[in-house]
Every structure is written in C-alpha cells, then in structure tokens.
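J.: Provided herewith is a single structure, encoded as structure tokens, for subsequent inquiry.
Protein chains: 2
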Amino acid sequence: MNDCSSCIVRNRAICSSLTPDELLILGKMGRRQKVKAGHTLLWEGDDAPVVANVLEGVLKLVVAASDGREQIVGIVFPSDFIGRPFGKESPYSVTAMTDAEVCIFNRNAFDDFASEHPDLQQKLLRRTLDELDRARHWMMLLGRKSATEKVASFLLEMSDRLSGQGCNADGSLNGFELPFGRQQIADILGLTIETTSRQLTRMKSDGLLSLPSRREIVIRNRAAMEEMAG
Amino acid sequence: MNDCSSCIVRNRAICSSLTPDELLILGKMGRRQKVKAGHTLLWEGDDAPVVANVLEGVLKLVVAASDGREQIVGIVFPSDFIGRPFGKESPYSVTAMTDAEVCIFNRNAFDDFASEHPDLQQKLLRRTLDELDRARHWMMLLGRKSATEKVASFLLEMSDRLSGQGCNADGSLNGFELPFGRQQIADILGLTIETTSRQLTRMKSDGLLSLPSRREIVIRNRAAMEEMAG
DNA sequence: CGGTCATTTGATAAACATCAATATAAGTGG
DNA sequence: CCACTTATATTGATGTTTATCAAATGACCG
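First to last, the sequence lines map onto chains A and B. Residue numbering for the first sequence is 1 to 230, as defined by my numbering. Residue numbering for the second sequence is 231 to 460, as defined by my numbering.
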C-alpha cells in the first residue's frame, strides 16, 4: 500500500482535493510502477484497464497512422494524469520518453471512486479543460504555422512548462534541457527531423539561441523568439 | 424563464443528468438566444461571462494568428456545450456558421450550480474527455496527413456527425449537406481553399463522390474513401 | 438580366519532404 | 582511457506538395 502523504506530487496532482481519510482509500487502490524510457504503458486502440498519475519522468501521447507516421498529441509531466477515465479503449499510445515512475490505478475502481468524490472529479474536469485548450492551440500551430513559427512556439512553450521542474521558478526559464531528441520535436511539430534541425541551426546562427549540447537550449533573445512564434 | 421539459435537446444535452426539480432551477438561470449566421458569440482572449448549450444550428471554434490566419479547432452541433467553465478568458472565438439558437447561462452561476451537482459535472467531464480525444485525433490529421487524406478523413467524419441530424440513423450517411462552404473546410483542414477545391474535384472525377450542389456531398465509394483517409 | 460572391481552374513560386552523405556525440569493450 | 561501434544530428542536393497569384467559370439574388 502507498503512503500518499509522502508523495512527491502530493499537492500538485488531482489527489490534492482529497482529505487524509480519502487519500488512505485511494492509496490502497494505487500502486507505484517504474517505466523504462521507450517503454509503452498503453497502446492506441487497446483496452486500457488503468489510469495513472505521473510521479517522475516525461511521457508522450502518440497517435499513429497505418503506415507508421507518428504525431505526438501530448506531453505528460510529473503530477499530470494519464489514461482515459469513463472509456474503454485508449485513444492514443502512452510511451515513456525518459525513465519514469507512475502511480497506477485500476480504471474501473478509479471511475467508481471518482464518481463518489465530486471534488476529485472537479479537479479532473479542470485539468481536462486545460488540456483541451492546450490541444486546440496546438491544432492552430499544426494547421497554420510555418516551420520557423512552429519551432519558436515550441521552444517558448517548453521554457514555460519545464520551469516547474527546475530551480528558477520565476515564470519561465531561458536555459533548459529537453527530455527528448530531435525526432521527437519533429513528431510534436508535424515536421521532419531535417527541417527541425535546420530551423534550430538557423536560429543559432541568427543569435536567437545557443545549443550547448544536444538537448540543451538557451534562449538568447526571447523578444525576437516571441516575434517569430507568430 | 425556460421550460426545459420541452427543450429539443433535452435528452442529449448535459441537462439530461438532472431531476425535474434541478431542471427547474437551471431553467431559471438560462435564457434562449438566437444567433445569426456569421455572428460571433465569444471572442478569443476576451472575458467570457457565459456558457451555453446549442439548441439549433452549427457553430465553429476558431483560433486566429496575429496576421489573420484562422484554424477551426472545433465544430459544435445541437446538444453540444459551448464555453469555458472554471476559466475566465475564452481560449477561442465561437462563431455561428448557420443561424443558430443557444441556451445561455451566466458562467459563474453555472460553475456554482455544477459544483453542487456532481452528475452534471460528470456529464460535462465525459463530454470534455470525448472532445479532447477528437481534438487529439485532429492533431494527427493536421500534422501528418496529406491534402488528399485530410479531405477524405473530413468527409467521412462529417458523414458520421451529420447522421444524428438527418433521418437515416443507421450509423453514417453517404449523402449529406455541409453547413458551410469551401473556405471553412480549408480552415478546418489547415489547407487553402484552392487545394481543398482541387482535392474535391479530383475525387469527383475519380468517381469517389458526387457534388450535386455547392454544399451537398454524396460519397459514392466509401471503401475507397476510407482507404484514402490513411 | 446583370451584378455579386463563391468556387474552380491554371500557372508559378515557395516551403517542406525526401534521399544521400557526412559529422558529432554517446556508448562499449579492450 | 582510448579505439571502435552505434545512434543521433547536421548538412547538402533534389523532388514533391501545397501555397500563392491571377483569371475564368458558375451559382445565387435582386
């Protein structure tokens, strides 16, 4: 059984809506599980018997075409929720991009628990609404933005979302380390790896950013970058 | 005050979770409003003081870039819900594509009501989860599919979603009338109007469909269309 | 019937993908 | 710790797709 009171994401995950008593019940239902980088937790189209909270690491949500083309439709960080409550099949695959740890629940048991705990359900609703907003803005990026705009938008969003992780909690971070490589960036932006790479190289030579190592990004001119994001 | 018991979308809208007593209270909060085709109900980025149920007509959710490019990120049909509960700004514009009628609520009043009615909140959660799934599959289309695949996918989805409206409730309809023109199709698919038109013309000459009038579509070879959708 | 708007069609250009070849970094076993 | 191997990323040359610009056709409306 889990000791939720010492959970790292205790106050950020949806569990934060629960009283100590309720947490005890939920703790009995969940179990911690490590996921190796590259391992797929849920497969698109398969029955998905579980939902989970992310404790550590970064995972991707992927929709694939029959011929193998992939589009990443979501990136999941610690304290985020994964899985599809009130649904049977997983609408996308969930794969770890880094070594990760999740707190897993049986979906039916979770659904029942949620139905009896309106506060938890409201937290889930708020999160889902936020995700939907994010997804819809991403649709604008995918459908209407140029490669340059895509990459600029991506870097700015990453500098925001990775801020929670690091130390500088002052809004957004200019220097950060991406938890994944170029191909994944391409799969997020609906581009090829070559186009993605070329955009980054161009931005580097234009002095907008520097690339200290493969996965590190330092935004040197945020104003110009925001201009570029369209 | 509204008489919800006679509402056309009574059993399909989120209100269907409510008892007659509750419905009476909600009925007092809402008011019916007609919206002319082309009129914008909510503006992206503005404070959105209302949420609503769609009674009649079709509306679009639009995200725009600073230079005017538009991406349609959602299409809303009768019995669907519009607006952003638990949030202040509207993350996108909501514009009527046909003459429409909605049942409008003050957002704060609705949020409070929802917080006290878990069943309503669960209905809203389920709907939001469905919308999110749909949005994410649309991301795959926008990011990874070719123009041909986009148009084919679009026609197939429309034939499904418009079925509820018509008489043939046998799954999906091969002949249907789109509630909007070519430019809107382009804005849904992340294409230009010219490319969209060319794809349709090609499909027509390939015998996949016929175009009896501007807005009517008849799918003549569904199997081939599904093949094309990728 | 003429005018307006939406759509189609055509010619050309730009953006991005694809194919192919390095280059650079990250592991691995000696 | 260093050569060797492998994976990842960059760069270059070329091709395809889709956008853009421009014009013509067709539908709808008074």
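Backbone N, C-alpha and C define an ideal beta-carbon position, used for all residues, glycine too.
Quick one: which chain A residues come within Cβ less than 8 Å of R366(B)?
T.: Against the second sequence, residue 366(B) aligns to sequence position 136. Correct list: L61, V63, V73, G74, P91, Y92, A135.
J.: For P409(B), return the contacting residues in chain A, with the cut-off set at a CB-CB distance below 7 Å.
T.: Working through the second sequence from its first residue, we reach residue 409(B) at position 179. Near P409(B) there are no residues of chain A at all, since even the closest Cβ is about 20 Å away, more than 7 Å.
J.: By a C-beta neighbour count over all protein chains shown, 10 Å radius and 16 as the cutoff for buried, is N283(B) buried or exposed?
T.: The residue labelled residue 283(B) in the question sits at position 53 within the second sequence. Buried, because 16 or more other Cβ atoms sit within 10 Å of the Cβ of N283(B).
J.: With 7 Å as the limit, tell me which residues of the segment 351-365 of chain B have their beta carbon closer than that to any beta carbon of chain A; keep them in chain order.
T.: Q351, Q352, L354, L355, R356, T358, L359, E361, L362, D363, A365
J.: Determine, for F316(B), whether the minimum Cβ-Cβ distance to residues of chain A falls below 8 Å.
T.: Within the second sequence, residue 316(B) is the residue found at index 86, counting from 1. At least one chain A Cβ lies under 8 Å of F316(B).
J.: Within the chosen definition, does the segment 200-216 of chain A reach the segment 376-392 of chain B through at least 3 CB pairs nearer than 8 Å?
T.: no
J.: For a test of the three-state rule: what should DSSP assign to E116(A), helix, strand or coil?
T.: For the purposes of this step, residue 116(A) is identified with residue 116 of the first sequence, where counting begins at 1. In the structure shown, E116(A) sits in coil (DSSP, three-state: anything other than H, G, I, E or B).
J.: For a contact defined as C-beta to C-beta under 7 Å, what are the partners of G143(A) on chain B?
T.: On the first sequence, residue 143(A) is found 143 positions in, with the first residue counted as 1. Near G143(A) (Cβ distances below 7 Å), the residues of chain B are Q301, L372, G420.
J.: Which residue's Cα is closest to the Cα of L408(B): E446(B), P279(B), A295(B)?
T.: Here residue 408(B) refers to the residue found at position 178 of the second sequence. With distances taken between Cα atoms, L408(B) lies closest to E446(B).
J.: Are the C-beta of P348(B) and some C-beta of chain A separated by less than 8 Å?
T.: On the second sequence, residue 348(B) is found 118 positions in, with the first residue counted as 1. At least one CB of chain A lies nearer than 8 Å to the CB of P348(B).
J.: Compute the distance between the beta-carbons of N231(A) and C103(A), then report whether it is under 8 Å.
T.: Past the edges of chain A, shown from 1 to 230, lies residue 231(A), and the structure says nothing about it.
J.: Comparing alpha-carbon positions, which option in H39(A), R32(A), D21(A), G175(A) lies nearest P212(A)?
T.: Within the first sequence, residue 212(A) is the residue found at index 212, counting from 1. Comparing Cα-Cα distances from P212(A) to each of H39(A), R32(A), D21(A), G175(A), the minimum goes to G175(A).
J.: Can you tell me where the beta strand (DSSP E) with S93(A) in it begins and where it stops?
T.: As a position in the first sequence, residue 93(A) is number 93, starting the count at 1. Looking at the DSSP string, the run of the beta strand (DSSP E) that includes S93(A) is 93-96.
J.: When DSSP labels each residue in this structure, what does G257(B) get in the three-state scheme?
T.: Walking along the second sequence from the start, residue 257(B) turns up at place 27. Three-state DSSP puts G257(B) in a helix.
J.: What's the call for P250(B), buried or exposed, on a 16-neighbour Cβ count within 10 Å?
T.: Within the second sequence, the letter at position 20 stands for residue 250(B). With fewer than 16 Cβ atoms within 10 Å of its Cβ, P250(B) is classed as exposed.
J.: T172(B) lies in the beta strand (DSSP E); which residues open and close that run?
T.: Only positions 231 to 460 of chain B appear in this structure, which leaves residue 172(B) out of reach.
J.: Who are the neighbours of G230(A) on chain B, taking C-beta pairs under 9 Å?
T.: Here residue 230(A) refers to the residue found at position 230 of the first sequence. Neighbours of G230(A) on chain B, chain order: A295, S296, D297, R299.
J.: For F340(B), name the three-state secondary structure that DSSP assigns.
T.: Position 110 of the second sequence, counted from the start, is the residue given in the question as residue 340(B). Reduced to three states, the DSSP call for F340(B) is helix.
J.: Between the segment 357-376 of chain B and the segment 409-416 of chain B, are three or more C-beta pairs nearer than 8 Å?
T.: A contact is defined here as three or more CB-CB pairs under 8 Å, and the segment 357-376 of chain B fails this definition with respect to the segment 409-416 of chain B.
J.: The beta strand (DSSP E) with V50(A) in it runs from where to where?
T.: Here the question's residue 50(A) lines up with position 50 in the first sequence. Start and end: 50-56.
J.: Would a check of beta-carbon distances place M433(B) closer than 8 Å to chain A?
T.: For the purposes of this step, residue 433(B) is taken as residue 203 along the second sequence, with counting starting at 1. It does not; no Cβ of chain A falls within 8 Å.
J.: Using a Cβ distance threshold of 8 Å, determine whether the segment 61-73 of chain A contacts the segment 83-93 of chain A, with at least three qualifying pairs required.
T.: Between the segment 61-73 of chain A and the segment 83-93 of chain A, the count of C-beta pairs closer than 8 Å reaches three or more; the two stretches touch.
J.: By Cβ distance, which residues of its chain are closer than 7 Å to F86(A), with the 5 residues on each side in sequence left out?
T.: Within the first sequence, residue 86(A) is the residue found at index 86, counting from 1. Counting only Cβ-Cβ distances below 7 Å, and skipping sequence neighbours, we find D111.
J.: Taking only the alpha-carbon atoms, compute the straight-line gap between L271(B) and S309(B) and give it to the nearest angstrom.
T.: Locating residue 271(B) in the second sequence gives position 41, where the first residue counts as 1. Locating residue 309(B) in the second sequence gives position 79, where the first residue counts as 1. In this structure, the straight-line span from the alpha carbon of L271(B) to that of S309(B) is close to 17 Å.
J.: I believe A416(B) touches M139(A) by the beta-carbon criterion, under 8 Å. Please report the beta-carbon distance rounded to the nearest angstrom.
T.: Within the second sequence, residue 416(B) is the residue found at index 186, counting from 1. Within the first sequence, residue 139(A) is the residue found at index 139, counting from 1. Actually they do not touch by this definition, with Cβ atoms about 14 Å apart.
J.: For L124(A), collect the residues of the same chain with a Cβ closer than 6 Å to its Cβ; drop the 5 residues on either side in sequence, then sort them by chain order.
T.: The sequence position of residue 124(A) within the first sequence is 124, counting from 1. Answer for L124(A): I14, listed in chain order.
J.: Thinking C-alpha only, which one of N106(A), V62(A), G57(A) is nearest G45(A)?
T.: The count along the first sequence starts at 1 and reaches residue 45(A) at position 45. Closest option to G45(A), Cα to Cα, is V62(A).
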